[in-house]
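2 protein chains.
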Amino acid sequence: MSTIQQVAKAAGVSVATVSRVLNHSDKVVDETRARVERAIQELNYSPNMMGRNLRRNATEIIMVLLPSISNPFYAHAVNGIAAVANNNGFTVTVCNTLSDRKLERDFLNLLKFKLVDGAVLMSQEMDDCELEELGRLYPVVQCSEYIDAAGVPYVTIDNASAAYDAVSHLASLGHTRIGLISSKVNYYSAAHRQSGYMQALQDAGLEFESELIKFGDYGYGSGMKCAEQFMRMQNRPTAVFAISDPMAIGALKAFRQKGLKIPEDIAIVGFDNIRFSKMCEPELTTIAQPTYRMGCRAMELLLERVEHKQDLPEKVIMDYELIIRGSTVAGS
Amino acid sequence: MSTIQQVAKAAGVSVATVSRVLNHSDKVVDETRARVERAIQELNYSPNMMGRNLRRNATEIIMVLLPSISNPFYAHAVNGIAAVANNNGFTVTVCNTLSDRKLERDFLNLLKFKLVDGAVLMSQEMDDCELEELGRLYPVVQCSEYIDAAGVPYVTIDNASAAYDAVSHLASLGHTRIGLISSKVNYYSAAHRQSGYMQALQDAGLEFESELIKFGDYGYGSGMKCAEQFMRMQNRPTAVFAISDPMAIGALKAFRQKGLKIPEDIAIVGFDNIRFSKMCEPELTTIAQPTYRMGCRAMELLLERVEHKQDLPEKVIMDYELIIRGSTVAGS
DNA sequence: ATAGTGTATGTAATCCATTACATCAAGGAG
DNA sequence: CTCCTTGATGTAATGGATTACATACACTAT
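Those protein sequences? They're chains A and B, same order as listed. Counting from 1, one number per residue, gives the positions in the first sequence under the numbering used here. Counting from 1001, one number per residue, gives the positions in the second sequence under the numbering used here.
What follows is the structure in structure tokens.
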């Protein structure tokens, strides 16, 4: 590996001149520039980023923190984040916390240690206080999952309203016992979706019973288990809203295995519109978030913070869409 | 942000002593160490990694390069990679190339620029020569998708043999016209699976016809399109082997939409055993790769290269498993 | 001819932590 | 009592690039 010193010597100029050729480009006479560029070629030189970063105190790397890359929901958001980042000369790196506090902390240390310039948080294990401090010290934004109180900008949808629409859709189809498959993990989005569910029941004049809520972990398997619990009830629901597509699909699968017909015997609504929601049978009615655009928007907010050190705690609420398919209305 | 100098001054010692407290721990008397640690606490100091990395010429960060985080197949491998890496004090970062050569190059520059210590390649856009050079210059290993000729270590399964088993399974069920859904992208794994398919046909005494091969892009949608092509044939196959699960599931969906019964009218085998393969109807017969363990093994190889600069081009072939489910044998 | 202006380039400080080598004190051997 | 060893700590060079400031030169205006 050659250094800037070697290039300077080879070109017969000072390191400052080489640096000028590499960067600002101003005030270097053509002939000198040519000599330097030739030397760079010959030595196959490329600047050592550690040296540069140390001096500049910036890396132009952005980190995306998410709990599990195996959840396809995140993929589109990451693509949106990356698109905007790349357009602005930043590189994006994905860090998989596995919902582990210690791992999450390790990754966040990359911010502290200045190894990344900023972070997009797609879900966090930390509490409001920690997040609030993090937001004060470093450029971070939240995307999709968020904590409002922490003064950290976020991009999200109105989860309560989306859940309200999903459940109202079921109610409008005549269902009077509507189950909820929620999450035992205590995410705010889950709480909001749950309160949207409650509100929709109330507005439809339906009775709420605690038995109607089961708790999963966002995965297929847990959806199946919740469905089995529903089927063991004497007075089982005729419709179920699951706060994630994999849980909805797991439930759908379990119901069908027991011989129930979807949507005749039981209707199902999911959340997130993952690709597979169109592949299962019947296709799944679900809420679509504009994940790609949410990622883009989140990255734009982050860029403002990284570049201009602006720290208005912006809040962006994006539109969602209820996509009606065969799991609630036969033949659609 | 405080520096080591400030800590040294606050503790009334030299920077060397502070550094010793931070690192080797040898030869620092207890009382001094206590003073330094108190100063570190008070100043809320943590070492600047850029300075450290510049000096040490290492970052303890490992990069995983993959074409698309939305393909669930990669997630498990990444988890395996991360597990081993974390156990050894390394941080793992995932870089999403979107199969874009330029993006891939940008990410690989992180190696050149010393911003990461090594890389696990899960699929590459570059040609044999570029890969060979990359392997000579930096610690890299291949996982799953690989190029043999480049002298870069790899962990994989025997793709030809796996495809052979899949197709032989179909032949043993009595199918005589067996279609293949392959990839138009020119990955070696696709070529190997295709040659396993050919070999199995030959060994089963079946005729090959070029019409029996259709080409997709690994995704659901392309699987559906291929299935539609098959259905337009006068003499359509009674069984199909797809080299990815999403394509298999897409095909399954398309066949069912046309009223075909699976597996009675047409049997389907996929590849990768993604989670959905158990969620679709009927469940999908597929080849399972030990993805998590492959990730672990790849990371172990990489660690040898990163730490001991060992450069034997090791080749690890792992076992796969044919998982027989309802898409080929009713009721299983 | 002289002062003044502007442009191209060089010198050296700087970012922060690590580490080879230097120093100093204390204790042991002769 | 002197010399040597050992252990603890300090001094300063080092890694590579950036950049404020200095210098040198050419050219214009008077």
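Backbone N, C-alpha and C fix where the C-beta goes; we use that ideal spot for every residue, glycine too.
If contact means a Cβ-Cβ distance below 7 Å, which residues of the stretch 1111-1129 of chain B contact chain A? Cβ contacts with chain A: Lys1112, Phe1113, Lys1114, Leu1115.
Bridge partners - Val155/A, DSSP secondary structure assignment: Cys143/A, Val316/A.
Quick check: what's the CA-CA separation for Ile1040/B versus Ser1046/B? Those two C-alpha atoms are separated by around 8 Å.
For Ile324/A, name the three-state secondary structure that DSSP assigns. DSSP places Ile324/A outside both helix and strand once states are collapsed to three, so it counts as coil.
CB contact flag (Gly270/A, Ala248/A, <9 Å): Between Gly270/A and Ala248/A, the CB-CB gap stays under 9 Å.
Return yes when the Cβ of Val15/A is within less than 9 Å of the Cβ of Thr32/A, no when it is not. No, the pair does not count as a contact, with Cβ atoms beyond the cut-off.
Does the stretch 1094-1105 of chain B come into contact with the stretch 1052-1066 of chain B, if we say contact requires no fewer than three beta-carbon pairs (one atom in each stretch) closer than 8 Å? The stretch 1052-1066 of chain B and the stretch 1094-1105 of chain B touch, with three or more beta-carbon pairs separated by less than 8 Å.
For chain A, find out if any of its Cβ atoms is closer than 9 Å to the Cβ of Thr1328/B; answer yes or no. For Thr1328/B, the answer is no, since every Cβ of chain A falls outside 9 Å of its Cβ.
Tell me the rounded alpha-carbon separation between Leu54/A and Lys1114/B. When rounded, the distance between both Cα atoms is 13 Å.
Mind listing the chain A neighbours of Tyr1188/B? Cutoff is C-beta to C-beta under 9 Å, in chain order. Residues of chain A with a Cβ closer than 9 Å to the Cβ of Tyr1188/B do not exist, since the nearest Cβ in that chain sits about 24 Å away.
Per-residue contacts from Ile1249/B into chain A (C-beta, under 8 Å): Contact annotation for Ile1249/B against chain A: Phe276, Met279 [CB-CB distance below 8 Å, chain order].
Looking only at DSSP bridge pairs, what is Cys1095/B linked to? In the DSSP assignment, Cys1095/B forms a beta bridge with Leu1065/B.
For Leu1121/B, the residue or residues it bridges with in DSSP: DSSP, once it has assigned bridges, lists Leu1065/B, Gln1142/B as partnering Leu1121/B.
Suppose you measure from the CA of Lys1112/B to the CA of Tyr1138/B; what does that come to, to the nearest Å? Going from the Cα of Lys1112/B to the Cα of Tyr1138/B covers about 8 Å.
Going along the chain, which residues of the stretch 1098-1109 of chain B sit with their C-beta nearer than 8 Å to a C-beta in chain A? Listed in sequence order: Leu1098, Leu1103, Asp1106, Phe1107, Asn1109.
Counting only Cβ pairs nearer than 8 Å, list the residues of chain A close to Ile1069/B. Under the 8 Å cutoff, chain A gives Ile69, Tyr74, Ala75, Val78, Val94.
Within 9 Å (strictly less), CB to CB, does Lys253/A reach chain B? It does; some Cβ of chain B falls within 9 Å.
Taking a cut of 7 Å between CB atoms, which residues from the stretch 1044-1057 of chain B lie near chain A? Correct list: Ser1046, Asn1048, Met1049, Met1050, Gly1051, Asn1053, Leu1054.
Give, in chain order, every unbroken run of the alpha helix (DSSP H) that is at least 4 residues long and sits entirely within the stretch 251-322 of chain A. Counting whole runs of 4 or more residues, the stretch 251-322 of chain A contains the alpha helix (DSSP H) stretches 291-308.
Residues of chain A with a CB under 9 Å from the CB of Tyr1220/B: which are they? The answer, in chain order, is Arg275, Phe276, Lys278, Met279.
For Thr1156/B, go through chain A and note every residue whose CB falls closer than 8 Å to its CB, in chain order. Simply none; closest approach about 21 Å.
Taking all protein chains shown into account, do 16 or more other C-beta atoms lie within 10 angstroms of the C-beta of Ser1172/B, making it buried, or fewer, making it exposed? Exposed is the call here.
So with CB distances below 9 Å, who are the chain A contacts of Ala1082/B? One finds Asn96, Leu98, Leu103 in chain A with Cβ atoms closer than 9 Å to the Cβ of Ala1082/B, taken in chain order.
Taking Asn79/A and Gly295/A to be in contact with their CB atoms under 8 Å, please state how far apart those CB atoms are, rounded to whole angstroms. Rounded, the Cβ-Cβ distance is 7 Å, consistent with contact.
Cα-Cα separation between Val1329/B and Arg1256/B, rounded to whole angstroms: Distance between the alpha carbons of Val1329/B and Arg1256/B is about 16 Å.
Mind listing the chain B neighbours of Thr238/A? Cutoff is C-beta to C-beta under 8 Å, in chain order. In chain order: nothing, as chain B lies at least about 21 Å away.
Expressed to the nearest angstrom, what Euclidean distance is found between the alpha-carbon atoms of Val340/A and Val1013/B? The structure shown has nothing for residue 340/A, since chain A only spans 1 to 332.
9 Å is my cut-off, CB to CB: does Pro1246/B come that close to chain A? Yes - at least one Cβ of chain A is within 9 Å of the one on Pro1246/B.
Taking the DSSP output, what are the residues bridged to Phe1215/B? Partner(s): Ser1182/B.
Against Arg1325/B, what residues of chain A qualify as contacts under a CB-to-CB distance less than 9 Å, listed in chain order? Chain A residues near Arg1325/B: none, gap ~13 Å exceeds 9 Å.
When DSSP labels each residue in this structure, what does Val1329/B get in the three-state scheme? Coil at Val1329/B, not helix or strand.
Which of the three DSSP states, helix, strand or coil, is assigned to Val18/A? Reduced to three states, the DSSP call for Val18/A is helix.
List, in order along the chain, the chain A residues whose C-beta lies closer than 9 Å to that of Arg1256/B? Those within 9 Å of Arg1256/B in chain A are Glu281.
In whole angstroms, what is the alpha-carbon distance linking His192/A and Ile324/A? Spanning the two alpha carbons is a distance of roughly 21 Å.
Can you list, in chain order, the residues of its chain with a C-beta nearer than 7 Å to that of Glu300/A? Leave out the 5 residues immediately preceding and following it. Cβ contact annotation for Glu300/A (same chain, cutoff 7 Å, sequence separation greater than five): Val84, in chain order.
For my contact list, Ile157/A and Met318/A are in at a C-beta cut-off of 8 Å; report their separation, rounded to the angstrom. Confirmed, about 5 Å.
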